[in-house]
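Engineer: Be aware that the sequence shown starts at 882, since it is given in the working numbering, and climbs by one per residue.
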Amino acid sequence: MDWKECNIKKLVKKIGVDNNLIKSLVKSSQNKLESANRLKIDETTSSSVISLCYESLRELLEALATKKGFKIYNHECYTALLKEVLGQEELSIRFDRFRKIRNKVNYYGKDIGIEETSSVKEEIIESINKIKQLLQNKGQGSPNK
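1. Please name the residue or residues paired with valine 1001 in a DSSP beta bridge.
2. Alpha carbon to alpha carbon, what distance is there between arginine 980 and tyrosine 935?
3. Could you pull the DSSP bridge partners for valine 893 from this structure?
4. Whole-angstrom Cβ separation of serine 910 and serine 928, contact assumed at under 8 Å?
5. Determine the extent of the alpha helix (DSSP H) in which aspartate 992 is found, giving its start and end residues.
6. By the DSSP assignment, the alpha helix (DSSP H) with glutamate 943 in it spans what residues?
7. Quick check on the DSSP output: the alpha helix (DSSP H) that includes alanine 903 runs from which residue to which?
8. So, for histidine 956: in the same chain, excluding its five sequence neighbours on each side, which residues have a beta-carbon less than 7 Å away from its beta-carbon?
9. Less than 8 Å between the CB atoms is what I'm expecting for valine 966 and lysine 949, so what's the real figure, rounded?
10. Closest by CA to isoleucine 1012, which one among Gly990, Gln969, Tyr988?
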């Protein structure tokens, strides 16, 4: 789904910047990542680790969208925001891949191995760090790809 379709389907709404909401989302994101880090990755915890890491990333994306003046109602539209609005194509591809992995785990009962969980967690943390950098940017220009 592209940004135009997200807007046509009213899955994106223009809003005012809410700094308190942004701070709250960043804190919630940190808490979820800390929770994921406290779990030893094994057959029992792997799906929980993936879900927590993904939600941590998604909450940061929500904070970034809020900072840019958008409320997004669909996870696919975060991919479009990254790619088309922020010029972050690589990050958008990664986020969409994480979204699909998380959906398979949460909605289709896919088992995810320990090694894959560790690898995906590491990649999500890299993406989280990139989103944090974007949140720190003061300007409204398109960040580097």
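Ideal Cβ positions, reconstructed from N, Cα and C, are used throughout, including at glycine.
Structural biologist: According to the data block:
1. The partner list for valine 1001 (beta bridge, DSSP) is empty, contrary to what the question assumes.
2. Cα to Cα, the separation comes out at about 7 Å.
3. Ile953
4. About 19 Å separates the beta carbons of serine 910 and serine 928, which is beyond the 8 Å limit, so they are not a contact pair.
5. From DSSP, aspartate 992 is part of no alpha helix (DSSP H); its letter is neither H nor E.
6. 927–948
7. Correcting the residue identity first, residue 903 is isoleucine in this sequence and not alanine. Isoleucine 903 -> alpha helix (DSSP H) spans 900–919.
8. Arg939, Arg980
9. 7 Å
10. Gln969
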